[in-house]
Amino acid sequence: MAKSSEKSASPKNVESKDEKPSLWSAPPVKILRATDSTRIEDIDFDETPGFEGTKAEGQALLPERGEVLSALQEKLYANGRAGDLRSILLVLQGMDTAGKGGMVRNVIGMVDPQGVDLASFGVPTREEKQHHYLWRIRRALPRGGKIGVFDRSHYEDVLVVAVHDLVPRQVWEPRFDEINAFEKDLTEEGTLIIKVALFVSPEEQRARLQERLDRPDKHWKYNPGDVTERGFLPQYRTAYQRAIDRTNTDYAPWFVIPANHKWYSRLAVTELLIDALEQLQLDWPAADFDVELEKKRLAES
Ligand code: ADP
């Protein structure tokens with residue numbers, strides 16, 4: 063995670079175009095960016111890095127920032143309709159109960175679903191297994207003007223696959239370079255990539271699984287395999303650390319987000335998306351018709 067010295071260096075009001083002071087001590091895009099010194103095992107998943115407000119303030123801020131996100135997304139979509147090939151790809155990674163599904167519902171749910179290309183990646187189907195591991199990924203990439211969201215991704219092919227020895231090391235090891243090259247190509251084709259790794263503590267994971275067992279309306283989310291996977295937490299941490307270290311590039315950066323507090327991780331990802339869209343410096347596409355003439359035609363109709 064970014065060094066805390068960045069906190070004090072950044073002014074308040076960093077991102078507010080109105081007069082309200084920001085509740086962030088530094089932009090999440092800086093504070094949550096993985097660095098060479100990011101160590102997952104040193105992160106306190108209960109923390110809310112950079113956020114200076116209370117939980118209630120964080121919860122109240124989400125829909126406000128959602129409006130900003132939604133307005134930017136509409137511009138992206140409008141440009142896409144006008145032939146702009148640029149897109150955003152949000153890669154969500156995290157173990158069961160880390161909050162990927164909730165992120166999709168509560169953050170991506172704040173924008174027009176027409177502008178979203180959502181894909182989730184589970185155990186490869188028989189057909190998928192017959193292809194290269196990037197085959198299903200390529201088919202699900204966002205089109206121009208879209209925000210693509212991957213609920214799990216090609217990273218499973220260096221995470222679960224390594225943890226459970228699904229293929230030998232000499233097969234998954236070269237994938238890091240291959241993934242970097244793949245993501246570089248994507249970026250050059252106009253896709254801005256944001257990779258998010260959500261982490262909850264083992265205690266929080268237990269509590270979330272317990273809730274799934276205790277509440278009949280959550281039984282559908284429970285998978286006995288999730289408890290089995292809990293036994294592999296250290297191995298997953300090692301695999302995540304390796305994946306982040308090997309693929310944290312300037313063109314496809316990783317953001318490591320403590321996710322014990324859902325309100326925080328959702329707000330943080332909202333800010334990452336806003337930042338990404340702002341980087342595109344979008345404007346409304348120019349009309350491809352004569353506006354004055356059309357006004358006249360309408361008035362006369
Ligand atoms: P979720 O549990 O996230 O709701 P699914 O049950 O559909 O979603 O599938 C998730 C499971 O699929 C996870 O256990 C994940 O590790 C596994 N998975 C995803 N990609 C792969 C892959 N390439 N190889 C093996 N398992 C994978």
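FYI, the numbering for the sequence shown is 63 to 363, going by the working numbering. Using N, Cα and C, we set each Cβ at its ideal position, and we do this for glycine too.
- Membership of Asp213 in any alpha helix (DSSP H) is not indicated; the residue belongs instead to the beta strand (DSSP E) covering Ile209 to Asp213.
- Residue side-chain check: Ser327 keeps its Cβ at 7 Å or more from all non-hydrogen atoms of the ligand ADP.
- With fewer than 16 neighbouring CB atoms inside 10 Å of its own CB, Glu340 falls in the exposed class.
- No Cβ-Cβ contact shorter than 8 Å links Gln232 with Val173.
- Annotation for Asp227 indicates a beta carbon at 7 Å or more from all heavy atoms of the ligand ADP.
- Around Glu266, the same chain offers Asn322 as residues with beta carbons nearer than 6 Å, after the five sequence neighbours per side are excluded.
- When C-beta atoms of the region 141-152 are compared with those of the region 297-304, fewer than three pairs fall below 8 Å, so the two segments do not count as touching.
- In this structure, His216 sits near Leu196, with a CB-CB distance shorter than 8 Å.
- Of all C-beta pairs linking the region 112-124 to the region 323-340, three or more are shorter than 8 Å, placing the two stretches in contact.
- Under the 10 Å beta carbon count, Lys117 is surrounded by fewer than 16 other beta carbons and is classified as exposed.
- Boundaries of the alpha helix (DSSP H) harbouring Lys357: Val353 to Glu362, taken from the DSSP string.
- The Cβ-Cβ distance between Val211 and Val166 falls below 8 Å.
- If you ignore the 5 residues before and after Val91, its C-beta comes within less than 8 Å of the C-beta of Phe317, Glu333, Leu334 and Asp337, all in its own chain and listed in chain order.
- Look at the beta carbons and you see the region 234-250 not touching the region 172-186: under three pairs across the two are nearer than 8 Å.
- Its chain contains Val223 as the residues whose beta carbon lies nearer than 7 Å to that of Val229, once the 5 sequence neighbours on both sides are disregarded; these appear in chain order.
- Its Cα nearest to that of Glu218, the residue Leu154 stands out among Leu154, Ile319 and Ala269.
- The nearest non-hydrogen atom of the ligand ADP is 7 Å or more from the C-beta of Gly156.
- Distance from the CA of Pro264 to the CA of Asn285, rounded to the nearest whole angstrom, comes to 17 Å.
- In terms of side-chain proximity, the C-beta atom of Pro286 is found no nearer than 7 Å to any non-hydrogen atom of the ligand ADP.
- For the pair Ala88 and Phe113, the Cα-to-Cα distance works out to about 8 Å.
- In the structure shown, the three-state DSSP call for Val318 is strand.
- For the pair Leu151 and Pro204, the CB atoms are nearer than the 8 Å cut-off.
- Nearest in C-alpha terms to Thr253, of all of Asp106, Glu356, Arg148 and Lys283, is Arg148.
- Shown here for Glu190: same chain residues with a beta carbon closer than 8 Å to its own, the five before and five after excluded, namely Trp197 and Arg198 in chain order.
- Scanning its chain for C-beta atoms nearer than 8 Å, with the 5 sequence neighbours on each side dropped, one finds around Leu260 the residues Leu154, Gln155, Gly156, Ala160, Gly161, Lys162, Met165, Ile319, Ala321 and Ser327, in chain order.
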